[in-house]
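Working notes for the structure below.
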Amino acid sequence: MVSTVGQYPASQIWAMAPVLNSQHLKPTLKAHSRRPQGLRTPLLGNQFVHPGVHLPILDVFTRVGASKEWRAKTTMTVISPESGRMLFCALTACAATGQVLESRTALGCQISAPLLAMGGGVLLSACGVIPPSAAVYDLVLSLGMPMAVAMCLLETDVTRAFTDAGSTLKAFWFGALGTIIGTLVAFKAVGGFLGPDGWKIASSLCASYIGGSINYAATAQALGLTAPSLLAAGMAADNLAMAVYFGVIMSIPTEGKEATTETFTEEIQAEPEGNPTVESLALSMAAATSACMIGNWIASALPPQFSGSGLAMLAVVASAFSAIGALVTSKWGGKTSSTPTSIFAGAQSFGGALMLLFFSVVGASTQIHEALSGGWPLFALIIILIAVHLAVILSLGRWSQIPMRTLLIASNANVGGPATSAAMASARRWPSLVRPAVLVGTLGYTVGTAIGCLVGTQFLQPMLQATLLFARA
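Just so we're aligned: 276 in the numbering used here is position 245 of the sequence shown, and the numbers increase by one with no gaps anywhere.
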């Protein structure tokens with residue numbers, strides 16, 4: 032069945048987003064043309080969508096988030112959603128605190144700056160200091176995060192990145208297999224407690240843990256999952272589980288030399304960087320914003336099958352800029368010094384700071400009280416699913432002799448998508464894995480919904496029907 036939105040097939044809306052505005056959409060969607068204020072996750076946003084475009088893939092969440100009760104919850108905070116400057120100050124404080132604690136304390140070094148920044152956002156949101164949804168968060172997600180990815184890519188070794196992409200891709204498919212197995216095992220264990228629509232929410236979670244939360248929304252819409260309470264609890268539990276899971280995989284030590292600070296220093300010094308200057312930072316900002324713009328343009332020109340490829344196109348453009356920068360540096364850089372200075376010196380540090388801001392937003396958007404409303408069956412389903420996913424990807428990865436850091440990045444790409452996997456690669460000081468993280472994460476966007484729907488209709492729904500028949504017998 033092909034779902035339609037007005038006169039357009041839903042599968043084509045993503046590709047048409049840059050040229051659509053609200054007047055093209057039918058009245059059924061005009062009533063929900065505002066961006067949902069409640070059930071929104073930073074991992075669900077498309078970084079390259081024009082502000083005036085309403086995405087029908089999110090329509091089911093718009094109806095849920097439009098209730099007066101939910102809007103009241105989001106506004107009853109010390110800092111209101113409209114106080115942009117104060118919210119931005121709180122987010123940057125979380126990011127800075129995380130980095131300072133990591134740099135200056137032994138415990139902070141073990142926890143890591145991204146996890147501390149995310150934890151700060153969770154704490155402020157849970158205590159009612161900042162809201163779980165605000166326009167400032169959208170600004171960080173739509174501009175700051177893509178720019179951070181581009182910044183981190185400008186100083187990495189292109190040839191090494193594409194060499195590492197092969198093992199990352201293999202690890203990604205191991206993770207996808209683990210998610211499918213985990214979904215079947217989890218649904219067999221607790222699916223009967225989720226009600227008649229339980230197979231739909233399990234399918235949506237399966238898609239989410241193959242390619243990120245954007246696939247949760249797409250699969251929910253494709254399977255007709257419209258029950259507001261189930262949608263709300265599922266999305267909130269998904270967000271909370273991802274936040275916890277990111278903390279777990281960021282704390283997993285990697286073996287041997289690859290996890291040490293000395294290795295990171297060697298990787299950076301192997302590239303012509305030098306000390307940042309005003310000139311290099313200005314060039315980095317210009318190149319990063321240009322990569323975002325060109326990547327957006329290329330993604331909008333692609334067929335519908337490549338919807339959601341904005342970050343991948345950004346990575347390609349930023350890689351080209353990186354190669355050009357290396358060529359310019361080798362020919363004209365550092366004529367007065369024995370060590371050539373990169374024209375993008377300092378870009379990774381700049382991008383790393385923006386990544387910490389992104390993790391602060393991820394934490395702030397986590398809605399613990401909504402997640403708890405789903406009850407123990409939903410949490411049990413997610414815990415079993417993720418546990419099996421992690422066990423499978425680590426087991427098959429170690430059997431295939433794939434490095435631990437590659438397995439962790441691939442797992443992050445499965446669960447969170449390209450944004451969080453690239454952020455983790457940057458935060459864990461693995462610059463050669465930023466590009467592969469973006470590439471496999473974008474692949475997850477492409478295949479996650481299809482796999483989730485297939486698992487649901489071919490396996491989960493028949494399992495539920497068989498369970499009901501057995502219970503009646």
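Beta carbons are placed, not taken as given, at the ideal position from N, Cα and C, and that holds for glycine.
Exercise. Closest to residue 150 by CA distance: which of 433, 449, 394, 438 is it?
Worked result: 394
Exercise. Run through DSSP, which three-state label would residue 471 get?
Worked result: helix
Exercise. Can you tell me whether residue 362 is buried or exposed, with buried defined as 16 or more other CB within 10 angstroms of its CB?
Worked result: exposed
For this session: Tell whether a beta-carbon distance below 7 Å holds between residue 241 and residue 445.
Result: yes
Problem set entry | Top-ranked residue by Cα proximity to residue 178, from 399, 349, 485 | 349
For this session: Can you have a look at residue 69 and say buried or exposed, based on whether 16 or more other CB atoms are within 10 angstroms of its CB?
Result: Residue placement at residue 69 cannot be trusted, given a pLDDT of 38 that sits under 50; the coordinates are not used to answer.
For this session: Return yes when the Cβ of residue 450 is within less than 7 Å of the Cβ of residue 176, no when it is not.
Result: yes
For this session: State the DSSP-derived secondary structure class of residue 95, mapped to helix, strand or coil.
Result: Unreliable placement is indicated for residue 95, whose pLDDT of 36 sits below 50; the coordinate value is still reported in the next sentence. DSSP places residue 95 in helix when its eight states are reduced to three.
Problem set entry | Alpha-carbon to alpha-carbon, residue 220 and residue 499 | 14 Å
Exercise. Between 184, 281, 117, 174, which lies nearest to residue 142 when the distance is taken from Cα to Cα?
Worked result: 281
Problem set entry | Rounded C-alpha distance that separates residue 472 from residue 447 | 8 Å
Exercise. So what does DSSP say about residue 333, is it helix, strand or coil?
Worked result: coil
Exercise. Taking the alpha carbon of residue 161 as the point to measure from, which residue in 118, 139, 502, 374 has its own alpha carbon closest?
Worked result: 118
Problem set entry | Span separating the alpha-carbon of residue 121 from that of residue 467 | 32 Å
For this session: Return the chain-ordered list of same chain residues with a C-beta closer than 6 Å to the C-beta of residue 218, the five sequence neighbours on each side being excluded.
Result: 233, 491
Problem set entry | Rounded C-alpha distance that separates residue 353 from residue 318 | 9 Å
For this session: Just tell me which of 478, 427, 391 has its CA closest to the CA of residue 123.
Result: 391
Exercise. Going by the C-beta, is residue 348 closer than 6 Å to any heavy atom of the ligand GTP?
Worked result: No copy of the ligand GTP appears in this structure; indeed no ligand is present at all.
Exercise. Mind pulling the alpha helix (DSSP H) runs of 4 or more residues that sit fully within the region 182–265?
Worked result: 189–221, 229–242, 245–253
Exercise. Looking at C-alpha atoms only, which residue of 495, 481, 497 is the closest neighbour of residue 249?
Worked result: 481
Exercise. Would you report the Cα separation of residue 230 and residue 360, rounded to the nearest angstrom?
Worked result: 56 Å
For this session: Can you tell me the Cβ-Cβ gap for residue 398 and residue 227, rounded? I've got them flagged as a contact below 8 Å.
Result: No, residue 398 and residue 227 are not in contact; Cβ-Cβ is about 25 Å, not under 8 Å.
For this session: Kindly list the residues whose CB is nearer than 7 Å to the CB of residue 208, restricted to its own chain and excluding five residues on each side of it in sequence; keep chain order.
Result: 423
Exercise. Mapping DSSP to helix, strand and coil, what is residue 66?
Worked result: For residue 66, the pLDDT reaches just 40, beneath the cut-off of 50, and the residue's location in the model is therefore unreliable, leaving the point undetermined.
Exercise. Would residue 387 count as contacting chain C if we go by Cβ distances under 7 Å?
Worked result: Checking the listed chains, one finds no chain C in this structure; it contains a single protein chain.
For this session: Note down, in chain order, each residue of its chain lying with its Cβ closer than 7 Å to the Cβ of residue 356, except the 5 sequence neighbours on either side.
Result: 185, 373, 374, 375
Exercise. Excluding the five sequence neighbours on either side, which residues of its own chain have a C-beta within less than 6 Å of the C-beta of residue 383, listed in chain order?
Worked result: 457
For this session: Would you mind giving the Cβ-Cβ distance between residue 454 and residue 145, rounded to the nearest angstrom? I have them listed as a contact below 8 Å.
Result: 7 Å
Exercise. Exposed or buried, residue 460, counting other C-beta atoms within 10 Å across all chains shown (16 or more means buried)?
Worked result: buried
Problem set entry | Environment of residue 436 [buried if 16+ CB atoms lie within 10 Å] | buried
Exercise. Tell me which same chain residues have a C-beta within less than 6 Å of the C-beta of residue 66, skipping the five on either side of it?
Worked result: Caution applies to residue 66, whose pLDDT of 40 falls short of 50 and renders its modelled position unreliable; the model cannot decide the point.
Problem set entry | Candidates 237, 255, 128, 135: closest to residue 273 by CA position | 237
Exercise. In chain order, what residues of the same chain have a beta carbon less than 8 Å from the beta carbon of residue 380, not counting five sequence neighbours either side?
Worked result: 307
Exercise. Are the beta-carbon atoms of residue 202 and residue 417 separated by less than 7 Å?
Worked result: no
Exercise. Taking DSSP as the reference, what is the three-state secondary structure of residue 134?
Worked result: helix
For this session: Grab me the residues of residue 387's own chain with a C-beta within less than 7 Å of its C-beta, minus the 5 sequence neighbours each way, in chain order.
Result: 126, 129, 130, 144, 145, 148
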